[in-house]
Amino acid sequence: FKLPSPEDTVYSSHSLSCGSESSDGSKGSDSSCGSQSPEVSGGSKEHMPLFEILRTRRSVRRYSAEEISAECLSYLLWASCGVSGDSDEFRTAPSAGAIHPVETYISVQNCSWLPVKNGIWYYHPTTHELSLVSEGTDAVAGLGRACMMQPQVLRAPVVFFWTAKPYRAVWKYGTRGYRDIFLDAGHICQNLYLAGVDAGIGVCAINAFADEAVKVILHLPEDETVVYAATCGHKRQ
Numbered sequence: 014f015k016l017p018s019p020e021d022t023v024y025s026s027h028s029l030s031c032g033s034e035s036s037d038g039s040k041g042s043d044s045s046c047g048s049q050s051p052e053v054s055g056g057s058k059e060h061m062p063l064f065e066i067l068r069t070r071r072s073v074r075r076y077s078a079e080e081i082s083a084e085c086l087s088y089l090l091w092a093s094c095g096v097s098g099d100s101d102e103f104r105t106a107p108s109a110g111a112i113h114p115v116e117t118y119i120s121v122q123n124c125s126w127l128p129v130k131n132g133i134w135y136y137h138p139t140t141h142e143l144s145l146v147s148e149g150t151d152a153v154a155g156l157g158r159a160c161m162m163q164p165q166v167l168r169a170p171v172v173f174f175w176t177a178k179p180y181r182a183v184w185k186y187g188t189r190g191y192r193d194i195f196l197d198a199g200h201i202c203q204n205l206y207l208a209g210v211d212a213g214i215g216v217c218a219i220n221a222f223a224d225e226a227v228k229v230i231l232h233l234p235e236d237e238t239v240v241y242a243a244t245c246g247h248k249r250q
C-alpha cells in the first residue's frame, strides 16, 4: 500500500530526496525508490517550535475512537525512521554505522482508508510503503493479548512494533552490536514521540509484551526478534 508522501501531508516542511535501495538484506520493495520515496518540499501546517514539543511531550495512554488519517500516519512513519537524504542510509533516526537493523511493523484497527480495516503491516522506509502481513481482528487481538492486555494497546488505533535482525549490527560491532540495536530503537521511538506531539497524536512506549508471541503473530523469521513497541492515537478528552 503506497502511503501519501510527506510532501502531500499537512505536516511536511523540509527538503529531502531518496537514494538507492539498500543492499544490507533489509525488506525492500521492488518499486523504484525514485517514484515512491518522499521528496518533501513544504507543507501548509506550521510546525510547533522544538522547545514547545520537548516541553509538552508526555506518554498518552487514553485514546479516543478517532482513527489516524493516512496523511498523519504517513508523517509519523517517515518522522520516526524514514529516509531523509540522498541515500537510504540517511534517515530521520541515527543508527550505528548507518546499518539500520531495526524494522517497523504497525498494527491497525478500525481503519477506513487502508485496504483492510484491521491488520498488521510492515513499513518499507526506502519506498514509503506498507506491505500487509496479516489481516483480521484475530491478529490484532492476538497482539493485544501478547502485550498483557494493556488497555492502551487494546484501544489504540495504531500500535508500532520494532524488530531487529541482530546480525546486521553484530557482523560489524561484535557483541556491542546488541547494545546498538536497543539504542537505535530508542532513537526511533523518541522521534515518534516528538512527531506525535507536533501532529496532535498521543504516544506511549511499551516494553511489556511476550516476545515469542509477538514474533509468531508478526510472522518473523528465526533470526529476527522484537525489541520495542509504542501505541498511538488521538488523546481522549
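Counting in our numbering, the sequence shown runs from 14 upward without gaps.
In this text, a Cβ means the ideal position worked out from N, Cα and C, and glycines have one as well.
This structure is a prediction, so every number in the text was calculated from the model and none was measured.
The alpha-carbon of Lys248 is positioned some 6 Å away from that of Gly215. If the five residues before and after Lys130 are omitted, its C-beta is found closer than 8 Å to the C-beta atoms of Gln122, Asn123, Cys124, all from its own chain and listed in chain order.
About 6 Å separates the beta carbon of Ala169 from that of Tyr76, a gap short enough to meet the 8 Å contact definition. For Leu90, same chain residues with a beta-carbon under 6 Å away, outside a window of 5 residues either side, are Tyr136 in chain order. Between Leu145 and Ala83, the gap from beta carbon to beta carbon reaches 8 Å or more. Scanning the stretch 112 to 176 from its first residue to its last, the whole alpha helix (DSSP H) runs of 4-plus residues come out as 150 to 159, 164 to 168.
Per DSSP, reduced to three states, the secondary structure at Arg104 is strand. Taking Ser93 as the centre and dropping the five residues before and after it, the same chain places the C-beta of Ile201, Asn204, Leu205 closer than 6 Å to its C-beta, in chain order.
The beta carbon of Ala226 sits closer than 6 Å to those of Ala159, all from its chain and outside the five residues before and after it, given in chain order.
Cβ atoms of His141 and Gly187 stay farther apart than 8 Å, at about 33 Å.
Per DSSP, the beta bridge partners of Tyr241 are Trp175. If you draw a 10 Å sphere on the C-beta of Thr69, you find fewer than 16 other C-beta atoms in it, and that means exposed. For Ser18, the closest C-alpha among the options Val166, Cys85, Gln250 is that of Cys85. In the structure shown, Val73 falls within a coil segment according to DSSP collapsed to helix, strand and coil.
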